[in-house]
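Engineer: Sharing a structure with you now.
Residue numbers (full-length UniProt numbering): 1 to 285.
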């Protein structure tokens, strides 16, 4: 696999995650947020474990430790996102959870003690402007929910950078599967502490939970670490900014929601940022 195929694969992950907002809206209609986290990652863990059961023969203490570590980070991402959505406006949550696109290169620069390239800086500025126009329809409110959203975005940036280092080994797939189980288990602990455990009540809710588990979690969080072996954390962060674009597209297709002029302009800017990065790479060759 080369970098272009890896980035196309990551774009498909962003498409899968774009559907998560629609599915979470349906799923949260009948169960609590931590209950949903426990179910979606539990389904993902068992599905991937059954498919790759033979890989567990290669399980070592080091691989298990890496899986536990990334699984805790994975839960913290959704801890921030779920609480953020519940305590602030949809516009604020949509924009601030996407600030990962800025946090990744900033953290990378701090770790490497270097400055980002001009291409990355221009792409980030285009993405941030696009994200604001696309998601911040009612303005940005800095409240408790905003803090939760920024926390989730920060831990997702950490997750991307951590896996950029871990994905170089041969145990990436096992780490990816184990992290799903850890995130589910941690979600279950919070569920028993603060919610009444329950199961989806309708077929529609079950469909949403299964979609979140199999498509958004099993596919998304197993494919991403594999794709990261062939590209950079900064580019992964930029591709991640496509998620709200795909979310808006799916909302238009299934819920008949119209973006409006600002929304379409924002989507164009985000696509422009990703395309600019790709064209700059071709020119560099």
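All residues carry an ideal CB built from backbone N, CA and C; glycine is no exception.
May I have the straight-line CA-CA distance separating residue 176 from residue 19, to the nearest angstrom?
Structural biologist: If I take the Cα positions, the gap works out to 21 Å.
Engineer: Cα-Cα, which of 76, 73, 78, 132 is closest to residue 102?
Structural biologist: Nearest option by C-alpha distance: 132.
Engineer: State the start and end residues of the unbroken alpha helix (DSSP H) segment that holds residue 165.
Structural biologist: Residues 144-166.
Engineer: Could you round the C-beta distance between residue 27 and residue 160 to whole angstroms and report it? I think they count as a contact, below 8 Å.
Structural biologist: At roughly 25 Å, the Cβ-Cβ gap does not stay under 8 Å, so residue 27 and residue 160 are not in contact.
Engineer: Count the other CB atoms within 10 Å of the CB of residue 143; is the residue buried (16 or more) or exposed (fewer)?
Structural biologist: Exposed, because fewer than 16 other Cβ atoms sit within 10 Å of the Cβ of residue 143.
Engineer: Would you kindly check if the distance between the Cβ of residue 30 and the Cβ of residue 201 is under 8 Å?
Structural biologist: Their beta carbons are under 8 Å apart, which means residue 201 touches residue 30 by this criterion.
Engineer: Please report the straight-line C-alpha distance between residue 74 and residue 260, rounded to a whole angstrom.
Structural biologist: Residue 74 and residue 260: Cα-Cα distance of roughly 33 Å.
Engineer: Quick one: what's got a C-beta closer than 7 Å to residue 248's C-beta in the same chain, skipping five residues either side?
Structural biologist: Result list for residue 248: 134, 259, 263, 267, in chain order.
Engineer: Using CA coordinates, which residue listed in 273, 241, 36, 181 is at the minimum distance from residue 15?
Structural biologist: Nearest of 273, 241, 36, 181 to residue 15, Cα basis: 241.
Engineer: Hey, out of 253, 230, 276, 265, whose CA is closest to residue 10's CA?
Structural biologist: Comparing Cα-Cα distances from residue 10 to each of 253, 230, 276, 265, the minimum goes to 230.
Engineer: Figure out for me which residue from 276, 152, 190 has the closest Cα to the Cα of residue 80.
Structural biologist: Residue 152 is the option with its Cα nearest to residue 80.
Engineer: Considering only the beta carbon of each residue, do residue 212 and residue 40 sit closer than 8 Å?
Structural biologist: Yes, Cβ-Cβ distance for residue 212 and residue 40 is below 8 Å.
Engineer: What's the gap between the Cα of residue 72 and the Cα of residue 23?
Structural biologist: Each residue's Cα considered, the two are about 23 Å apart.
Engineer: Beta-carbon separation of residue 225 and residue 163 under 8 Å?
Structural biologist: Yes; because the gap between Cβ atoms is below 8 Å, this pair is in contact.
Engineer: Counting only runs that start and end within the segment 7-66, where is the alpha helix (DSSP H) found for 4 or more residues in a row?
Structural biologist: The segment 7-66 contains these whole alpha helix (DSSP H) runs: 20-27, 33-51.
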